[in-house]
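Residue numbers (the numbering used here): 2 to 322.
We put the beta carbon where it would ideally sit given N, CA and C, even for glycine.
Worksheet: the structure to be examined is printed underneath.
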Amino acid sequence: MMQSIEVRGNLSSRLKETSFQKGRFRLRLGDDGDLQLLTLNSETLAETDVYFSYYSSNTKDPHNPGNRLVFNETGYMYVVMNDNTTRFYVNNKDPVPSKDFYHRAVLHFDGVFSQYYHPKRQGVNNSDNGWSLAWSEPENICAKRFGPYLDANELGNLACGFNNICILGDNNRPRCECPKRFLLVDPDDEYGDCKPDFEMQICGRESNQTAAADQDANLYEFVTLRMTNWPSGDYKRYSNYDEERCKATCLKDCFCGAVVLGKDKLCWKKKFPLSYGIRDTNGYPGIMEKLKLIFSEKCIARIKIFFMYAKWALNLDLYPC
């Protein structure tokens, strides 16, 4: 049976994999005829609280805009333009034959829009009889804030919550992982926000200098997370910095949540909380190979650990220095 979405219509994601309440992602055909994937304010879920679009069909020609999204019986998905003749195909791949396979499309709770196919008869095309991925948009939601999508609008997050790290998994679906020394706010929600398991360090009274930073700098041990970055949230940039200078400038700044140092010798200070975290072991995109995220921790007599990631402190009685 053919399904369609008209202008101003939308498809909502579910809240979680196990919850059918509305989530914060939308597939919407706008007034201008453009088909978009959108993320909303996660608290209000109001249709007017759109943070940004992470996919666009660019079918908003004022002379011939899109007026209907169609998902037909043969597995094709396309935007029909106002002239009722021109079509924009959401994906250029030809679907498997509908006489042998069922087709379905899902906007997942993590924001990935996917089309799947399933054999009608056992053993068709050596299938394992499960649902197989035909295509997804985006192909890598973890990296979607790079390139043209990394702009001045840095509100919210995509698949993973604040301070969380997005890692692309099977079928172009993300999984999320808190950094070391961070815990999920909701232990049952892998895709939610991560919080530190230590107390925040406060700034000095007269400046943003970390108290006694110069004296304590030699007590810090830095840890590097390779292939990991939070590409947004910069508040300062330094040119021609080596690793030691990049570390030092964060050590002395209590506002500094993290620093990223590239091979171009650009040192970027990150503010907290961090958003759009990404780890990619395949090196996609190339910029990930050039970046490393630097954390730090230190021990003193009372066994107090400072974490330069957010420069917070945790008191432990039995922690080895």
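Contact annotation: the stretch 15-27 does not touch the stretch 78-94, with fewer than three C-beta pairs closer than 8 Å.
DSSP lists Tyr117 as the bridge partner or partners of Arg105. Counting along the chain, the unbroken alpha helix (DSSP H) around Thr250 starts and ends at Glu244 to Leu252.
In this structure, Arg25 and Leu41 form a Cβ contact; the two beta carbons are roughly 5 Å apart against a cut-off of 8 Å. Taking each of Asp190, Arg9, Ser276 and Glu245 in turn and checking the Cα distance to Pro232, the smallest one comes out for Ser276.
The three-state reading of DSSP puts Ala144 in helix, counting H, G and I together. Put simply, the backbone Cα of Ser57 is about 9 Å away from that of Leu39.
The DSSP-derived three-state label of Asp194 is coil.
Per the DSSP secondary-structure output, Asp171 pairs with nothing in a beta bridge. Rounded to the nearest angstrom, the gap between the Cα atoms of Asn164 and Cys179 is 7 Å. Each of Val71, Val261 and Ala135 was checked against the Cα of Pro98, and the nearest Cα belongs to Ala135. Cβ atoms of Lys270 and Asp243 stay farther apart than 8 Å, at about 15 Å.
Look at Leu267 here: in three-state DSSP terms it is coil, with no helix or strand label. Here Arg105 is near Tyr117, since their CB atoms are less than 8 Å apart. Residues Leu30 of the same chain have their beta carbon placed closer than 7 Å to that of Gly10, with the five preceding and five following residues left out of the count. Burial is judged here by how many other beta carbons sit within 10 angstroms of a residue's own beta carbon; Thr229 has at least 16 and is buried. Take Asp32, set aside five residues on each side of it, and the residues of its chain with a beta-carbon closer than 7 Å to its own are Val8 and Arg9, in chain order. If you ignore the 5 residues before and after Val107, its C-beta comes within less than 6 Å of the C-beta of Ser115, all in its own chain and listed in chain order. In this model, Cys257 and Arg238 are separated by some 12 Å (Cα to Cα). With distances taken between CA atoms, Ser20 lies nearest to Asp111 out of Thr49, Leu185 and Asp111. Burial check for Lys181: the Cβ neighbour count within 10 Å stays below 16, so the residue is exposed.
For Gln123, the secondary structure class from DSSP, reduced to helix, strand or coil, is coil. The shortest CA-to-CA distance from Thr75 to any of Phe183, Met2, Asp194 and Lys253 is the one to Met2.
Per DSSP, the beta-bridge partners of Gln37 are Arg29 and Ser57.
Taken atom to atom, the span from the alpha-carbon of Asn141 to that of His64 is near 33 Å.
Assignment of Phe89 by DSSP, reduced to helix, strand and coil, places it in the strand class. Separation of Lys100 and Asn93 (C-alpha to C-alpha, rounded to the nearest whole angstrom) is 20 Å.
Of the candidates Lys196, Lys253 and Pro188, Lys253 places its Cα closest to the Cα of Cys204. In chain order, Gly193, Asp194 and Lys196 place their CB closer than 6 Å to the CB of Val186, counting only its own chain and leaving out the 5 sequence neighbours on each side.
Here DSSP, grouped into helix, strand and coil, assigns Tyr79 to strand.
The beta carbons of Pro139 and Tyr77 sit no closer together than 8 Å.
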